[in-house]
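Okay, structure first, notes after.
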Amino acid sequence: MKCPYCSSENTRVIDSRPADDNNSIRRRRLCDDCGKRFTTYEKVETIPLIIIKKDNNREQYNRTKIEKGVLLACHKRPISAEQISKLVDDVEIEIFNREEKEIPSALIGEILMDKLKDLDPVAYVRFASVYREFKDVNTFMNELKKMLG
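Take the sequence shown: its position 85, counting from 1, is numbered 92 in my numbering, and each next residue is one higher.
Structure (structure tokens):
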């Protein structure tokens, strides 16, 4: 592993333990050249997942896109980075457990909205308004009524 400080490849693992999600390993490393410590995470590589978009185009799964959407929905809400990360992890686990090579983006959106609804109603409505492309106030109100009733 290359040191992020001095780029030396002379590093060693000084501590290993399961990460918070128990799906990866956290390793503390020490650079023998500069003496600095850094952390790496090791995760099992999964089968590439292809996402079928609304326009039927296909692209490789990208966790960052889900994180970006959730971060926007949760902006200025009392939701910690840890809660957001866990939510994205939960969505990821659910879609990868389906063991399908291709999955529609609509399904990912629905799974994400279900999880957001439990986490924070305001974040849910924000995400749903963009995801479902609310065209007017009535559509927005109908979604709010479904959520409240």
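Glycine included, each C-beta is placed from N, C-alpha and C at the ideal position.
Cut-off 6 Å between Cβ atoms - residues of its own chain near residue i, not counting five sequence neighbours on either side
i	result
Glu24	What sits at residue 24 in the sequence shown is Arg, not Glu. Cβ within range, chain order: Arg33.
Lys50	Ser31
Leu119	Val98
Classification of residue i by the beta-carbon crowding that lies within 10 angstroms, buried from 16 upward
i	result
Val137	exposed
Gly156	exposed
Cys77	According to the sequence as given, residue 77 is Val; it is not Cys. Label assigned to Val77: buried.
Ala113	exposed
Tyr48	exposed
Val144	exposed
Proximity winner among the options, relative to residue i (alpha-carbon distances)
i	options	result
Cys38	Thr47, Ile57, Ser31 and Thr18	Thr18
Val129	Glu117, Ala80 and Ala113	Ala80
Ile21	Met8, Ile59, Asn30 and Tyr12	Met8
Glu74	Ala88, Arg36 and Phe45	Ala88
Arg65	Val51, Asn104, Arg44 and Lys108	Lys108
Gly116	Phe134, Phe103 and Asn29	Phe134
Thr46	Lys153, Lys122 and Ala26	Ala26
Residue i, DSSP secondary structure in three states
i	result
Ser112	helix
Ser23	strand
Leu65	A quick correction: the sequence has Arg, not Leu, at residue 65. Correct three-state label for Arg65: strand.
Tyr131	helix
Arg105	coil
Tyr48	strand
Leu37	strand
Ile73	helix
Contacts around residue i, its chain only, beta-carbon distance under 7 Å, and the 5 residues preceding and following it disregarded
i	result
Asp127	Cys81, Arg84 and Ile86
Glu99	Arg70
8 Å CB neighbourhood of residue i in its chain, flanking five on each side removed
i	result
Asp40	Cys10, Cys13, Ser15 and Asn17
Ile57	Arg65, Glu66, Gln67, Tyr68, Lys108, Glu109 and Ile110
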